[in-house]
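Notes to accompany the following structure.
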Amino acid sequence: MSKPDLPSYRELLWPSIRAIRSLGGSASISEIDAEVQRQQHFTEEQRSILHGDGPSTEIEYRLRWARTYLKGMRLLANPTRRSEMGRTHG
Numbered sequence: 001m002s003k004p005d006l007p008s009y010r011e012l013l014w015p016s017i018r019a020i021r022s023l024g025g026s027a028s029i030s031e032i033d034a035e036v037q038r039q040q041h042f043t044e045e046q047r048s049i050l051h052g053d054g055p056s057t058e059i060e061y062r063l064r065w066a067r068t069y070l071k072g073m074r075l076l077a078n079p080t081r082r083s084e085m086g087r088t089h090g
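Below, the structure is given as structure tokens:
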């Protein structure tokens, strides 16, 4: 399977929004990624394509870009950030 067989980050914008909505409007990155992959019915082969030398998969990489663009459009926000010590800042 080649990378062109995967949706572009643009094609993952709406699925990302749908996943967040189905998760109640707020979720961790791993929860969002898993829900998008579940809803999009990605095959195991698609899920196993690494981005570059890894460790991230190409789908995870494209989903990161989709979230970045959604944040830029103000359709998605990080409600809190954690410092190195794990304290919440918001």
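Numbering (the UniProt record's numbering), first residue to last: 1 to 90.
From the three backbone atoms N, C-alpha and C, an ideal C-beta is built for every residue, glycine too.
Since we're looking at a predicted model, the values are computed, not measured.
Would you list the one or two residues that DSSP bridges to residue i?
i	result
Leu50	Thr57
Give the single residue among the options whose Cα lies nearest to the Cα of residue i.
i	options	result
Gln37	His51, Gly24, Glu58	Glu58
Glu11	Leu76, Ala66, Leu23	Ala66
Leu75	Tyr9, Trp14, Ser56	Trp14
For residue i versus residue j, is the C-beta spacing smaller than 9 Å?
i	j	result
Leu50	Ser16	no
Leu63	Ile32	yes
Leu6	Gln46	yes
Ser26	Pro79	yes
What span of residues does the alpha helix (DSSP H) with residue i cover, start to end?
i	result
Ser16	13–22
Helix, strand or coil for residue i? Go by DSSP, reduced to three states.
i	result
Arg72	Inspection of the sequence shows that residue 72 is occupied by Gly rather than by Arg. It is helical.
Ala77	coil
Ala27	coil
Leu63	helix
Arg87	Caution applies to Arg87, whose pLDDT of 49 falls short of 50 and renders its modelled position unreliable; the value that the coordinates give is listed next. Residue state, collapsed to three classes: coil.
Using a beta-carbon distance below 9 Å, is residue i in contact with chain D?
i	result
Ala77	You won't find chain D in this structure, because it holds only one protein chain.
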